[in-house]
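What follows is a short report on a single structure.
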Amino acid sequence: MKRNYRLIFGSAVLLLTAAAALSLLMGRYEIRGADVFKIFLARIMPVEKTWSELTENMVMLVRLPRILTAILTGAALSVAGASYQCIFRNPMAAPDILGASTGAGFGAALAILMGLSKAQVTLSAFLASLLCVSLVILSAKVCKGNQVLNLVLAGIMVSSLFQAGTSYLKLIADPDNALPEITYWFMGSLAGVTTGDLQYVWLPILVGMAPVFLLRWKMNLLTMDENEAKTMGVNTKRLRILMILASTLMTAAAVSVSGMIGWIGLVIPHMARKLAGNDCRHLIPLSAVLGGFFLLCVDDLGRNLYSTELPLGIITSVIGAPFFLYLMARKGEWN
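Position one of the sequence shown corresponds to residue 1 (UniProt numbering), numbered consecutively onward.
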């Protein structure tokens with residue numbers, strides 16, 4: 001099994017690397033592979049310049065930031081989904097279970113309505129996402145009973161409040177300017193992603209991903225009884241809260257820059273589980289690689305299929321909804 005996992009994980013990494021390289025060549029502006037190679041080589045050693053300034057800007061300032069953001073966002077949503085499924089012992093759990101995506105949507109809508117810049121919209125979405133989840137955790141703490149169930153119920157309650165706020169903002173938004181922009185943001189897109197967006201999003205994603213990767217072997221114990229886990233020296237309550245905070249941070253950062261992109265946190269962990277099994281030591285890294293690969297391919301499809309870009313949320317929904325039905329039909333096998 002260990003040897004098979006190494007083969008599967010290595011193949012996934014190679015696929016992701018190949019997809020990233022091909023993505024640099026895909027687009028309406030034609031770029032030769034040799035020029036791309038020389039542009040990167042020129043960063044480390046002197047190379048005769050045979051490419052135009054426009055080509056270099058297209059590679060380094062347009063396509064590369066978008067590719068890296070797609071990989072980071074896909075990996076973050078997938079790892080968050082896998083973590084939530086382990087935390088809540090529910091294979092149908094997704095990254096927005098505690099309202100991270102709903103909060104981000106409210107923050108983005110508010111910033112767009114106020115006419116703020118793209119960077120400020122991203123920051124507003126990120127902060128509102130954290131606020132929403134913080135309210136969920138505080139609400140769950142003041143309630144008695146099963147804390148995991150309280151978190152889920154509090155997430156539903158607080159999310160509904162933020163959804164109501166978003167609906168009100170749409171109601172009062174200018175139908176000619178702000179409303180279309182809010183609607184498009186909710187569909188999810190990486191169009192217009194810049195180096196500045198990448199610099200803003202990579203740190204919180206990595207900060208959130210670090211504890212999940214370092215403690216992923218302990219996440220297997222979350223499926224055990226709390227008393228059994230304690231005999232092995234693991235405080236499951238503390239571990240669960242830490243994983244929730246880390247997963248929420250990743251989700252908030254990813255959604256704030258990409259908009260609402262659904263299904264990745266549900267679909268990809270199940271694909272990874274089919275390939276690597278339920279062991280979180282294997283599931284988490286494979287989910288990260290497959291998530292990055294999946295969203296990168298979806299983004300390539302969205303920006304090259306038609307003359308105008310397709311929002312990513314539409315494509316992921318077309319793929320995710322049938323997969324959800326498949327999971328329901330085969331529930332007895334994975335429940």
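Note that the Cβ used here is the ideal one computed from N, Cα and C, for glycine as well.
Helix, strand or coil for residue i? Go by DSSP, reduced to three states.
i      : result
Tyr306 : coil
Thr166 : helix
Val298 : helix
Tyr5   : helix
Ala94  : coil
Phe88  : coil
Trp263 : coil
Pro311 : coil
Lys49  : coil
Ala21  : helix
Lys141 : helix
With a threshold of 6 Å on Cβ separation, who are the neighbours of residue i within its own chain once the five nearest residues in sequence on each side are excluded?
i           : result
residue 370 : A question about residue 370 goes unanswered here, because the residues of the chain that appear run from 1 up to 335.
Thr166      : Gly105, Phe106, Ala109
Leu68       : Leu198
Ile71       : Gly292, Leu296
Pro95       : Leu77, Ala80, Gly81, Thr251, Gly265
Ala276      : Tyr5, His282, Leu283, Leu286
Arg66       : Leu190, Val193
Leu249      : Pro204, Gly208
Could you compute how far the alpha carbon of residue i sits from the alpha carbon of residue j?
i      : j      : result
Ala164 : Arg63  : 36 Å
Glu181 : Leu169 : 12 Å
Ala109 : Ala252 : 15 Å
Leu203 : Ala178 : 30 Å
Arg28  : Phe293 : 21 Å
Gly115 : Gly192 : 17 Å
Ala42  : Ser52  : 13 Å
Leu206 : Phe213 : 10 Å
Thr308 : Gly145 : 51 Å
Leu24  : Ile39  : 12 Å
Gly302 : Ala254 : 18 Å
Ala210 : Asp176 : 43 Å
Lys118 : Ile8   : 39 Å
Leu22  : Leu15  : 10 Å
Lys141 : Thr122 : 29 Å
Thr236 : Val148 : 11 Å
Tyr200 : Ala111 : 17 Å
Asn278 : Tyr84  : 13 Å
Glu56  : Val36  : 8 Å
Ser139 : Ser129 : 16 Å
Met58  : Gly10  : 30 Å
Spatial neighbours of residue i within its chain, please: C-beta separation below 7 Å, excluding the five flanking residues on both sides.
i      : result
Ala321 : none
Phe323 : Val267
Ile87  : Leu222, Arg240, Met243, Ile244
Spatial neighbours of residue i within its chain, please: CB distance less than 8 Å, with the 5 preceding and 5 following residues excluded, ordered by chain position.
i      : result
Leu239 : Leu215, Lys218, Met219, Leu221, Leu222
Note to self: Check whether the region 101-108 and the region 131-140 are in contact - that is, three or more C-beta pairs closer than 8 Å.
What the structure shows: yes
Note to self: Extract the residue ranges of the alpha helix (DSSP H) inside the region 192-247, only unbroken runs of 4 or more that lie entirely within it.
What the structure shows: 195-214, 216-219, 226-231
Check: Hey, is the region 71-89 in contact with the region 284-292, meaning 3+ C-beta pairs nearer than 8 Å?
Finding: yes
Next item on the list: Would you be able to state if there are at least three C-beta pairs under 8 Å between the region 77-97 and the region 260-277?
Entry: Three or more beta-carbon pairs separated by less than 8 Å link the region 260-277 to the region 77-97, which places the two stretches in contact.
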